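So that you can map any letter, position 38 of the sequence shown is 581 in our numbering, and since no number is skipped, the others follow by simple counting. We treat Cβ as the ideally placed atom computed from N, Cα and C, and that holds for glycine. Please read these numbers as outputs of a predicted model, since none were measured by experiment. Note sheet for the following structure.
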Amino acid sequence: MIPIWIVLSLLQYVIWIPVVIAWFAGVIVGRTPQWAENMMLFYLRLNARAYAYVGLLTPKYPSFD
Numbered sequence: 544m545i546p547i548w549i550v551l552s553l554l555q556y557v558i559w560i561p562v563v564i565a566w567f568a569g570v571i572v573g574r575t576p577q578w579a580e581n582m583m584l585f586y587l588r589l590n591a592r593a594y595a596y597v598g599l600l601t602p603k604y605p606s607f608d
């Protein structure tokens, strides 16, 4: 998990750039740029998966099918 935490800690500071751009684009144009949306979703998904793994919320149960 150490490499994931390093990437997340770096992304935590880098993600503010598309957040601010998306906010201004949302206020001025009325929609966010697709690239900024994709970048923010990448960060949120990676963060959620990392915390779920560390918190043991994703156990691998065998399939009953």
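Ignore the nearest five residues each way along the sequence and tell me which others in residue i's own chain have a CB closer than 8 Å to its CB.
| i | result |
| --- | --- |
| Gly569 | Thr575 |
| Ala579 | Pro561, Val562, Ile564, Ala565, Ala568 |
| Trp548 | Ala593 |
Tell me the residue span of the alpha helix (DSSP H) that contains residue i.
| i | result |
| --- | --- |
| Pro546 | 545–557 |
| Val597 | 577–597 |
Out of the options, which one is the CA nearest neighbour of residue i?
| i | options | result |
| --- | --- | --- |
| Val557 | Ile545, Arg592, Leu587 | Leu587 |
What does a CB cutoff of less than 7 Å around residue i pick up in its chain, not counting 5 residues either side in sequence?
| i | result |
| --- | --- |
| Val597 | Met544 |
Note down, in chain order, each residue of its chain lying with its Cβ closer than 6 Å to the Cβ of residue i, except the 5 sequence neighbours on either side.
| i | result |
| --- | --- |
| Lys603 | Confidence is the limiting factor: at Lys603 the pLDDT is only 44, short of 50, which leaves the residue's position unreliable and the question unanswerable from this model. |
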